[in-house]
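Under the numbering used here, the letters of the sequence shown match residues 1 to 473, in that order.
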Amino acid sequence: MKQPKIYSSLFVFTLFFLSNTFGQEKKNIEMDTSLNPNDVGIFDSDLLPANFHKERRQKLRDLMPDSSVAVFFSSPIRNRSNDVDYEYHQDPDFYYLTGLREPHSVVVIHKHPVEVNGKRTDEIIFVQPRDSKQELWAGKRLGVDGVKQILGFEVVVPNTKFSKTDCKIDGMNYTFFPIDKNDTRDTKSKSDLFDLKKLFLSQTVRQTGSPNLARYMAQLREIKTEDELVLMKKAIDITCKAQFELMKNLTPKMAEYQSEALVEFHFKNEGAEHAGFPSIHGSGGNSCILHYVSNRRMFEENDLLVSDIGAEYHGYTADVTRTLPVNGKYSKEQAIIYNLVLQAQSAGIDSCIAGNSFWVASQVANAIIADGLKQLGIIKKTKDVKKYFPHGTSHYLGLDVHDVGTYGKLTPGQVITVEPGIYIPANSECDPKWWNIGVRIEDDILITKEKPINLSECVPRTIHEIEEIMSKK
Ligand code: GLY
Ligand code: MN
């Protein structure tokens, strides 16, 4: 199928967008003079190599059908309020395929080479040109030369030329364009890409039929390469260290925000750029709120604290949960629930064998928790387990905390979480002695050809070990 109509409207939009966004920059001279990485804002020596991204683009091409092209936009800058934006975070697909962490960029990936600007190429990237005035406020840019020399692209074009460059998209059988479900229209911004993307999407989805870019990206991203596993291991090690420091320093005199501060200090102190998701520090009744993030409550003496945290290192995030007694000792009821969750988690982890279904750990953990809760008299029927264990045990982990994947069979190179939990809020239909007990235990599991490897096992999980560490503070 051909795709004739989109480009006239597309170019009107892009022209509008670019003339508004980059009009000012035309006054300044392109100034790629030095390629010392420090001079273009690169200070880390362990970033993914250019070859990694190049190989990923080729793997995507291998999956794409003949006569197709995929277009990826960088994430938009998102406004927080007035003149303050949220800290910029690159779109994970865009980062995976390019290594570029700057906004206002577009990469066009063709299945087969086409002629663009007099060169035969199967990929074109449009990037922010260097600009001394803009860089004074917002930091260094790689610029055209930096993207060529550091990220290894051959055809790099300033984004100011996007609307004038014929990328040979017209006439392809399939034009793929990924959906960013978080995208919203920014009515205040003249450079908003929302309408352009919606237009692109409505045209392309209708014409693409079954081939599916999101599926290709999930197929690629769910299997981690050696290079990615190095960064994931680093993110996980930092997170484990933060959990360990929390065990050593937790006291009932603290507030949730102080235990959050303690772990996030360790993230940054160990070189993580961010937390990969808002830290969950739920104590007492808040331990029963699955994604509790306000973290304002003062601890009370017999509270449990669910600490669900993950450092993000060079884009890759960890996700590790421990449930700790703030006074250093689990009560009798807390220990019973804790050990049931631990038993379910251990069996779940053991079941993560290549070839098994993605859902195997959830099924195994669910059966153990249902049996346990019945024996304790907390539920009567197996199906009621959902009242107290309302989520699955696993998600993929990677550039997103809930990473993309195909949810088929477990395959070597995948990293998934195993995180069962039991949450018994106050006023539940069971003996009040169980109320306000919320327990979740979560580890990051690498699927291999043999047994699963627990990448976060360096932070203890058993009651005996945790109480021992906490007693030494
Ligand atoms: N770490 C939060 C979650 O997995 O949902
Ligand atoms: Mn998780």
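Cβ coordinates follow ideal geometry from the N, Cα and C atoms, glycine included.
A residue is called buried once 16 or more other Cβ atoms fall within 10 Å of its Cβ, and Y86, having fewer, is exposed. For T417, the enclosing beta strand (DSSP E) stretches over residues V415 to V418.
Our two residues, E333 and G276, have alpha carbons roughly 32 Å apart in a direct line. Taking non-hydrogen atoms of the ligand MN into account, the C-beta of T225 is found less than 6 Å away from none of them. Here E442 is near T321, since their CB atoms are less than 7 Å apart. Taking one beta carbon from each stretch, the stretch 447-458 and the stretch 422-438 have fewer than 3 pairs nearer than 8 Å; the two do not touch. Those residues whose C-beta sits under 6 Å from the nearest heavy atom of the ligand MN are, from N- to C-terminal order along the chain, D319, H395, T417, E419 and E442. In this structure, V106 sits near F126, with a CB-CB distance shorter than 7 Å.
Across the structure, S45 and Y216 are spaced so that their CA atoms are roughly 30 Å apart. Not a single heavy atom of the ligand GLY lies less than 6 Å from the C-beta of D444. For D308, the Cβ falls inside the 6 Å cut-off from some heavy atom of the ligand GLY. Under the three-state reduction of DSSP, E450 is assigned to coil, being neither helix nor strand.
Cβ-Cβ separation between N302 and S331: approximately 6 Å, consistent with a contact (criterion under 8 Å).
Under DSSP, M247 forms no beta bridge with any residue. An exposed status is given to Y407, since fewer than 16 other beta-carbon atoms sit within 10 Å of its beta-carbon. By the criterion of at least three beta-carbon pairs nearer than 8 Å, the stretch 300-319 is in contact with the stretch 239-246. V84 counts as exposed, since fewer than 16 other C-beta atoms from the protein chains shown sit within 10 angstroms of its C-beta. In this structure, A365 and T411 do not form a Cβ contact; the two beta carbons are roughly 20 Å apart against a cut-off of 8 Å.
For the stretch 87-121, the full-length alpha helix (DSSP H) segments reaching 4 residues or more read 92-98 along the chain. With respect to I109, R57 sits close: the two C-beta atoms are nearer than 7 Å. Boundaries of the alpha helix (DSSP H) around R221: L213 to R221. Restricting attention to L397, G271, I236 and I379, the CA atom closest to the CA of I422 is found in I379. In the DSSP annotation of this structure, V401 is not part of any alpha helix (DSSP H), being labelled neither H nor E. When the beta-carbon positions are compared, Y174 and G315 stay at least 7 Å from each other. Around the C-beta of Q375, fewer than 16 other C-beta atoms lie within 10 Å, and the residue is accordingly described as exposed.
Excluding sequence positions up to five before and after G372, its CB lies within less than 8 Å of the CB of L340, Q343 and A344, all in the same chain and listed in chain order.
Residue range L304 to I309 is occupied by the beta strand (DSSP E) that includes L305. Between the C-alpha atoms of L213 and N427 there is a straight-line separation of about 47 Å. Assigned with DSSP and collapsed to three states, T317 falls in strand. Restricting attention to alpha helix (DSSP H) runs no shorter than 4 residues, the stretch 123-189 encloses them at 132-138 and 143-149, ordered along the chain. The secondary-structure analysis by DSSP pairs N82 with nothing; it has no beta-bridge partner.
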